[in-house]
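A.B. asks:
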Amino acid sequence: MLNILAVGPHPDDVELGMGGSILKFTEADHQVTIVDLTDGEPTPQGNPEIRKKESVKSSRVLGIEERITLDFPNRYLQDEIEARQELAEIIRKIQPDILFAPYWIDAHPDHIATSKICDAARFYGKFTKTEMKGRPFYVKKIYYYLASHLKQNIKPSFIIDITKEVEMKIEAIRYYESQFGPSPEDHQLFEWILNSNRYWGSLIGTEFAEPFISREEIGIQDIEALL
-14 MLNILAVGPH PDDVELGMGG SILKFTEADH QVTIVDLTDG EPTPQGNPEI RKKESVKSSR
46 VLGIEERITL DFPNRYLQDE IEARQELAEI IRKIQPDILF APYWIDAHPD HIATSKICDA
106 ARFYGKFTKT EMKGRPFYVK KIYYYLASHL KQNIKPSFII DITKEVEMKI EAIRYYESQF
166 GPSPEDHQLF EWILNSNRYW GSLIGTEFAE PFISREEIGI QDIEALL
């Protein structure tokens, strides 16, 4: 069983970028924890209580047993020492095998900051002689999911088939009702998600998939992993 930590700037970002993969992980009995660096507020139709209820319902769909919401400011999230250390303490406590972070190229400053915070927190996690809580720990692997506000065609390091999980991914995202207004444009998001996942699936011969990026080379232990 793997211990996996997925970090997002706001509730719903992890679901948008890798909700299908998370469901695949939990159904394979891997332990998955989500950390949202902000509560996502303020937004036009939400409030902290509503957003919390939405994330709990979404997490339940994906099989998430632990979801942590930190208290950093939405829209003004910064790659700063406090954020690095707080996430590093969670890393030292959970000791994940894999860390998932947002792709570092994005139009949203909060997404960019989150990616940088994850990189730094991974490094901070191994510090000795520090006031941070927990034993030193360094996450072996960090991968980046795509939940970007840019329409970009990246070159993934690997792509995960979510054909069996895509309906539940959409269900999990639909629980964030406060983020979808009455306009048709708001509800076109679901069509965009499906079209995007369908495109990534077409590259690997499946119906739907999610892309991931690694800054480092990825090694394999078994030839069957290439199939």
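Everything in the sequence shown is counted per my numbering, starting at -14 for the first residue and increasing by one.
Using N, Cα and C, we set each Cβ at its ideal position, and we do this for glycine too.
Treat the numbers as computed from the prediction; the structure is a model and nothing was measured.
What would DSSP say about leucine -10, mapped onto helix, strand or coil?
C.D. replies: Counted from its first residue, the sequence shown places residue -10 at position 5. Leucine -10 falls in the strand class under three-state DSSP.
A.B. asks: Please classify leucine 174: does DSSP put it in a helix, a strand, or coil?
C.D. replies: In the sequence shown, the residue the question calls residue 174 occupies position 189. Reduced to three states, the DSSP call for leucine 174 is helix.
A.B. asks: With DSSP as the reference, identify every bridge partner of lysine 126, one or two as the case may be.
C.D. replies: Here residue 126 refers to the residue found at position 141 when the sequence shown is read from its first residue. Note: lysine 126 sits in a beta bridge opposite Ile83.
A.B. asks: Below 8 angstroms, how does it come out for the region 35 to 44 and the region 154 to 163: are there three or more Cβ pairs, yes or no?
C.D. replies: yes
A.B. asks: Whole-angstrom Cβ separation of glutamate 192 and arginine 183, contact assumed at under 8 angstroms?
C.D. replies: Residue mapping note: residue 192 aligns to position 207 of the sequence shown, counting from 1. Residue mapping note: residue 183 aligns to position 198 of the sequence shown, counting from 1. Going by Cβ atoms, the distance from glutamate 192 to arginine 183 rounds to 7 angstroms, so yes, they are a contact pair.
A.B. asks: Give the DSSP bridge partners of proline 196, in chain order.
C.D. replies: If you number the sequence shown from 1, residue 196 lands on position 211. Answer is Ile144, bridged to proline 196.
A.B. asks: Taking threonine 11 as part of the alpha helix (DSSP H), name the residues at either end of that continuous run.
C.D. replies: The residue given as residue 11 occupies position 26 in the sequence shown. Where threonine 11 is concerned, the enclosing alpha helix (DSSP H) stretches over -2 to 12.
A.B. asks: What residues match up with aspartate 21 in a beta bridge as DSSP calls it?
C.D. replies: As a working note, residue 21 is residue 36 in the sequence shown. Among the bridge pairs identified by DSSP, aspartate 21 is matched with Gly(-7), Thr54.
A.B. asks: Here's the rule: buried if 16 or more other CB atoms are within 10 angstroms of the residue's CB, otherwise exposed. What is lysine 23?
C.D. replies: As a first step, residue 23 is located in the sequence shown; it is residue number 38 there, counting from the start. The sequence given here places threonine at residue 23; lysine does not occur at that position. Threonine 23 comes out buried.
A.B. asks: On the three-state DSSP scale, how would you describe glutamine 164?
C.D. replies: Walking along the sequence shown from the start, residue 164 turns up at place 179. DSSP places glutamine 164 in helix when its eight states are reduced to three.
A.B. asks: Where do the N-terminal and C-terminal ends of the alpha helix (DSSP H) with arginine 45 fall, by residue?
C.D. replies: Within the sequence shown, the letter at position 60 stands for residue 45. Where arginine 45 is concerned, the enclosing alpha helix (DSSP H) stretches over 33 to 47.
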